[in-house]
Amino acid sequence: MDKLLIEGGKALSGEVAMSGAKNAALPILCASLLTAEPVHFTNVPHLNDISTMLRLLGDMGVGVTMDGVDGLVLNGGGLNNPVASYEMVKTMRASILVLGPLVARGGEARVSLPGGCAIGARPVDQHIKGLQAMGAEVKVEQGYVHAKATRLKGARICTDMVTVTGTENLMMAACLAEGETIIENAAREPEVVDLANCLISMGARISGAGTDVIRIQGVDKLHGATHAIMPDRIETGTYLCAAAVTGGDIRLLKTSAAYLDTVVDKLMDAGCDITVERDAIRLVAPKRLKAVSLRTAPYPAFPTDMQAQFMAINCIADGVATIRETIFENRFMHVNELMRLGANIQIEGNNAIVRGVERLEGATVMATDLRASASLVIAGLVAEGETLIDRIYHLDRGYERIEEKLARLGASVKRVH
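So in the UniProt record's numbering, spot 61 of the sequence shown is number 61, and the numbers just go up one at a time.
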């Protein structure tokens, strides 16, 4: 199993391009299930989760054709197997996103329940509740969600909690439903907006994406289209944190600060100088960061997917920071590993109190999930000596060619076996 070896102490500098957003690409790839015509996607990131989704769609009869470096053409004309098996779903919870499109277009879907998740429960009951409101007959049996509908009907759906994948699933399903669907308490994330933009280019009638009320007027069918995946805001934020912690000066290309207001604000509070351009961001770090407290919450508040990275930079910042996690109940698993590097962190319920130390020291640590592994990379970049990160397959789920990109910025990072 691959590991990442980092020799810390080098300030990052230079320019590097960011990739397309994984969390936007996954639902957008599933949108190809809604039409029999080819859909062309660009700026698709090369990640393990993307490969898994493409295998799943291929198993269902979707034609997958690579087009250049970051392009894909998906053709759902041969859709013939509306099943997402446990073997596929267990490695990637986002597989649940095929449920809505399959029922909407083909009238039936059989999708494995996702099972456990390292960072906490992610129930699919809101997905099921929404489909039932649209007239689907849904049974959960032998670990599978089995949904059927001759044709879905428009409905008013108010989710009990803000759910990104739930909003995306129901929005896709509603595109081919008869009549109007209104999703209340909808997720407002930029990735939801990107999916809506893709669906609109395919002929869907959607308004309100980016607000907490989304309206969809159902149409009889969707057609092919071309869509560019938005930049990955979490990858962007992660590299900004890496530059901040090392006292660096970097410029990130092919990205935008438009979806990163809270992250940019916190980095400026920490003492960083940030310049925002139309499709680039430059960060110049101070000699030592100031501690910054934060509280995670659904967009547009501070993203839970950036919590671990900010905990890493607070480890060597001047002062004491309190980090409150409100989204997932088990998202502090990186704490023990950061403490192996010399961090001073105390957990009190869903709060972490981080007292900045003068320096971290390299050690062998283990990644427990995607964003936790990113926090260990950030800490390793500033730690004295060598840090060896085990189980980096987590990183490959969400960060494209991370060792190459960091090396381009001057870091000493290499993959070892």
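The C-beta atom is built at its ideal place from N, Cα and C for all residues, glycine as well.
Item                                                                                                              : Value
For C117, the three-state DSSP class (helix, strand or coil)                                                      : Bear in mind that a pLDDT of 47 at C117, under 50, signals an unreliable position, so the number given afterwards is only what the model happens to contain. Note: C117 maps to coil in three-state DSSP.
Contact set for I28: own chain, Cβ-Cβ below 6 Å, skip 5 residues either direction                                 : L195 and C198
Sequence-distant residues of the same chain with beta carbon closer than 7 Å to G61, five excluded per side       : G78, L79, N80 and N81
DSSP state of Y144 mapped onto helix, strand, coil                                                                : strand
Nonlocal neighbours in the same chain, by C-beta distance under 6 Å from E137, ignoring five residues either side : K148
Residue range of the unbroken beta strand (DSSP E) whose run includes I353                                        : N351 to R355
Length-filtered (3 minimum) beta strand (DSSP E) runs lying within the stretch 268-313                            : 273-276 and 280-284
Cβ-Cβ separation, I96 to P123 (assumed contact under 8 Å), whole Å                                                : Contact flag wrong, Cβ pair sits at about 10 Å.
Environment of S51 [buried if 16+ CB atoms lie within 10 Å]                                                       : exposed
Backbone secondary structure at G58 - three-state DSSP                                                            : helix
Own chain, CB closer than 8 Å to E403, minus 5 neighbours either side, in chain order                             : L4, V413, K414 and R415
Proximity below 8 Å, CB of R151 to CB of E189                                                                     : no
C-beta contact flag for P45 and E400 at 8 Å                                                                       : yes
Nearest neighbour of A187, chosen from T159, M172 and A383 [CA to CA]                                             : T159
Buried or exposed (CB count within 10 angstroms, at least 16 for buried), I392                                    : buried
Close-in-space but distant-in-sequence residues of the same chain around L260 (CB under 7 Å, 5 per side omitted)  : R233, T236 and G237
Cβ neighbour criterion (16 or more within 10 Å) applied to L409                                                   : buried
Element boundaries [beta strand (DSSP E), containing G68]                                                         : Per DSSP, G68 belongs to no beta strand (DSSP E) and is neither H nor E.
Helix, strand or coil at E404 [DSSP, three-state]                                                                 : helix
Distance between R331 and G120 (C-alpha atoms, nearest Å)                                                         : Low confidence applies here, because G120 scores a pLDDT of 46, under 50, leaving its location unreliable; read the following figure in that light. So the two alpha carbons sit approximately 7 Å from each other.
Residue environment, V16, which counts as buried when at least 16 other CB atoms sit within 10 Å                  : buried
First through last residue of the beta strand (DSSP E) which encompasses A17                                      : S13 to A17
Pairwise C-alpha distance: I200 and D212                                                                          : 18 Å
Cα-Cα separation, C272 to I313                                                                                    : 12 Å
Distance CB(D249)-CB(S19) smaller than 8 Å                                                                        : no
Alpha helix (DSSP H) segment containing E191, residue limits                                                      : P190 to S201
Nonlocal neighbours in the same chain, by C-beta distance under 6 Å from A343, ignoring five residues either side : C315
Helix, strand or coil at V219 [DSSP, three-state]                                                                 : coil
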